[in-house]
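Below is one structure; the comments refer to it alone.
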Amino acid sequence: MKNRKENSPMEIYIHIPFCIRKCDYCDFLSGPSGPEEQADYVQALLREIQAVEEGEGRSVSSIFIGGGTPSVLDERLLGDILREIRNRFKMEEDAEITIEVNPGTANIGKLQAYREMGINRLSIGLQSPEDRELKILGRIHNYGQFLETYQEARTVGFDNINIDLMSAIPDQTYEGWVKNLRTVAELEPEHISAYSLIVEEGTPFAARKLNLPDEDTEYNMYEATAQILKEYGFEQYEISNYARKGRECRHNVGYWTRQDYLGFGLGASSLYGKERFANTADMKKYLKNSKNPEKIREKEPSLTREDEMAEFMFLGLRMTKGISKADFQRCFGCTIESVYGEVLEKYESMELLLEKDGRIFLSREGIHVSNSIMAEFLL
Ligand code: SF4
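Pasting the structure below:
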């Protein structure tokens, strides 16, 4: 496969589709499983990693082990996966290696094993420090269990930890959200991801009558998030992500800047050069055919130059620093104005897009209507 980005590093995503129990709002590709199913899945994953052709000679700058709840896996299985990745690919020495962990699924022994296998970043799914809200969400853990996991992670030496938080939970007030933010910020993690609840079709939440915060409250919650986290030393660097200086998630920044990535596992998606493809979401098909990646991939048509330009814009604009006009010109051989002049003019005149030092980015108001702005970059 020809790839003009082949001299730059790439990233790897590994999907672990297992959870102890399904949360009531979740539509991710995940579900409960037993030890046998997990072991069979990891074997299939190893076969896929051994068989892929892409990535030959490329260095790997980050691995993200996501799910589901990757921490439900026996640590030895996880060790097998990382060993295979290292056999097959050239890892950068300081590569960022993240695993998603849910409280109640990782004890100190497991966390220690993660450190020993080179995992250097944890992303802990807390969602709320209020037990009442955790119950509403259908989470398996309480805040006490989270605190235990968090403190054990620090004890074994993790110095790069993200905490996931959710706003606009049913019955949540503005004051409740602010209290949650302060409680978590005071723990001094390196990174906080703060997403608002989206009620997805087909989930138990969609079938329930929920008392959700109104639009104005949601707006105020979002604005308060950036202001309060700033007080604690976090800078917002993406629509939903806040980090201490230098602790931005490198893997996600790679995604928003269209670095190549290969996804392994059920339903995992990839970007490689001009190709975007995703693995099947059918477990039986995956287990049977993973040694033959072509058989498990669902391909999209190759990206055209216009598709790449649109992706450059709507992924790059997710970041608060926005996109560089010079980078656009370097990538596509033409000025950004010659392609998007009209759209840029429209939104700059409305002060929803701003321009400074050769970069274009969303204003605070622009962030609130980002979906409609991004849609206009599709060619
Ligand atoms: S732990 Fe995460 S992936 Fe698993 S069911 Fe809950 S929200 Fe979904």
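For the sequence shown, position 185 matches number 185 in full-length UniProt numbering, and the numbering has no gaps at all. Where is the CB? At the ideal position from N, CA and C, for every residue including glycine.
CA-to-CA distance, residue j to residue i, given in whole angstroms
i, j, result
"N160", "A153", "10 angstroms"
"A226", "D171", "22 angstroms"
"F234", "E36", "42 angstroms"
"Y25", "M166", "11 angstroms"
"E268", "Y261", "In the sequence as presented, Glu is not what sits at residue 268; that position holds Ala. Their Cα atoms are separated by approximately 10 angstroms."
"I124", "V156", "15 angstroms"
"L77", "K90", "21 angstroms"
"F328", "Q38", "43 angstroms"
"V42", "K209", "39 angstroms"
"R318", "T69", "26 angstroms"
"I81", "L46", "6 angstroms"
"K356", "C331", "20 angstroms"
"Y347", "A326", "20 angstroms"
Per-residue burial, residue i [other beta carbons within 10 Å of its own, 16 or more giving buried]
i, result
"A44", "buried"
"V369", "exposed"
"T304", "exposed"
"A243", "buried"
"E56", "exposed"
"K230", "exposed"
"I336", "buried"
"P301", "exposed"
Other residues of its chain near residue i: CB distance less than 7 angstroms, five sequence neighbours each side excluded
i, result
"F314", "M374 and F377"
"E6", "R58"
"T320", "Q236, Y237, E238 and F361"
"S324", "G358 and R359"
Spatial neighbours of residue i in its chain, beta-carbon cut-off 8 angstroms, leaving aside the 5 residues before and after
i, result
"L134", "Q127, S128, H141, N142 and Y143"
"S62", "E11, I12, A95, E96, I97, T98, R250, H251 and G254"
"Y174", "P213, T217, N220, M221 and A224"
"I228", "V178, L181, R182 and A185"
"P32", "F18, C19, I20, R21 and K22"
"S71", "I99, E100, V101, N102, T105, A106 and K110"
"G333", "none"
Check: residue i C-beta below 7 angstroms from any heavy atom of the ligand SF4
i, result
"F64", "no"
"F28", "yes"
"N162", "no"
"K22", "yes"
"T149", "no"
"N211", "no"
"C19", "yes"
"residue 398", "Because the chain here runs from 1 to 379, residue 398 falls outside it and cannot be looked at."
"T203", "no"
Sequence-distant residues of its chain with Cβ nearer than 6 angstroms to residue i (five each side left out)
i, result
"I65", "I14 and I99"
"E200", "D27"
"S8", "none"
Residue i CB to nearest heavy atom of the ligand GDP below 7 angstroms
i, result
"T217", "In the structure on display, the ligand GDP does not appear, and the ligands it does have are the ligand SF4."
For a minimum of 4 consecutive residues, which ranges assigned as the alpha helix (DSSP H) are wholly contained in the region 324-349? With a minimum length of 4 residues, the unbroken runs of alpha helix (DSSP H) contained wholly in the region 324-349 fall at 325-332 and 336-349.
Could you give the uninterrupted runs of the alpha helix (DSSP H) lying entirely in the region 271-322, keeping only those of 4 residues or more? Counting only runs of 4 or more, we get 283-289, 293-296 and 305-316.
Threshold first: 3 residues or longer. Then list the beta strand (DSSP E) segments lying entirely within the region 15-68, N to C. 59-67
Entirely enclosed beta strand (DSSP E) segments - the region 73-124, minimum 3 residues: 90-101
Which runs of the alpha helix (DSSP H) fall wholly inside the region 124-174 and span at least 4 residues, in chain order? Annotation note: the region 124-174 contains the following uninterrupted alpha helix (DSSP H) runs of length 4 or greater, listed N- to C-terminal: 131-137 and 143-155.
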